[in-house]
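Take a look at the structure below.
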Amino acid sequence: DTGVSQNPRHKITKRGQNVTFRCDPISEHNRLYWYRQTLGQGPEFLTYFQNEAQLEKSRLLSDRFSAERPKGSFSTLEIQRTEQGDSAMYLCASSNTGLARNEQFFGPGTRLTVL
Amino acid sequence: RKEVEQDPGPFNVPEGATVAFNCTYSNSASQSFFWYRQDCRKEPKLLMSVYSSGNEDGRFTAQLNRASQYISLLIRDSKLSDSATYLCVVNRNDMRFGAGTRLTVKP
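Heads up: the sequence lines are chains E and P, in that order.
So for the first sequence, my numbering puts the first residue at 301; every next one is plus one.
So for the second sequence, my numbering puts the first residue at 9; every next one is plus one.
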């Protein structure tokens, strides 16, 4: 499978715990994006990387959230001191800026439930 | 005001109907435009890009009006399998999604 993969697919945690999600993009894609989606809403942009550089962060990304893409390949999204409001689907997408339309391809997401 | 606004829906239509979705965006610097489809509990998948001159892909037609900052999607001869949420997407360096319009096609 050469698509975007995310792990874990589901995560249940207690409030106050830290969680980390991983995204493996399509191998030739230089951009990687993180989104959060809650029920009945479209995906909300969180942050994106071009290679290993984090180029933009949404105001939605509080100090408890941090993302890395250390080698310009896979990325991790960490949430510290989780809150119930963090419960959502976390989606990763990747794209290749060398292509004219910069279309994004999404992974299956990680569903986080904070109890 | 949200950056990308869509018809709230839901749309419930019979098989074979024609249905149109509208979308407006607020940032005139937006560079490219897409319609994505999202099935229940699945990730969004690209349905089609939207070009300035308008474009068609089988039963689907997309239109863009940059002056009015308006995007549309027309589905002709709708099928049961078209039932999904349709997301309007506007791209600058990142993608801004509308909240989506839910379509249910009934036999």
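Here a beta-carbon is modelled for each residue, glycine too, at the ideal position from N, C-alpha and C.
As the structure is a computational prediction, the values presented were derived from the model and not from experiment.
Query, Result
"CB contact below 7 Å: Phe105/P versus chain E", "yes"
"Segment limits, beta strand (DSSP E) that includes Tyr44/P", "Ser40 to Gln46"
"Closer than 7 Å to chain P by CB, Gln341/E", "yes"
"For Asp324/E, the residue or residues it bridges with in DSSP", "Ser305/E"
"Residues from the stretch 29-51 of chain P in contact with chain E, defined by Cβ distance under 9 Å", "Gln39, Ser40, Phe42, Tyr44, Gln46, Arg49, Lys50 and Glu51"
"DSSP three-state assignment for Gln380/E, whether helix, strand or coil", "coil"
"Beta-carbon proximity check, Leu332/E vs Phe349/E, cutoff 7 Å", "yes"
"Three-way DSSP call (helix, strand, coil) for Asp65/P in this model", "strand"
"7 Å Cβ cutoff, Asp102/P in contact with chain E", "yes"
"Proximity test, Cβ basis, 7 Å: Gly108/P and chain E", "yes"
"Helix, strand or coil at Leu88/P [DSSP, three-state]", "helix"
"Within chain E, the residues that Leu8/P reaches when beta carbons sit closer than 7 Å", "Outside the shown range of chain P, which is 9 to 115, sits residue 8/P, and nothing can be said about it."
"Beta-carbon proximity list for Tyr33/P, same chain, < 6 Å, skipping 5 on both sides", "Val12, Gln77 and Val98"
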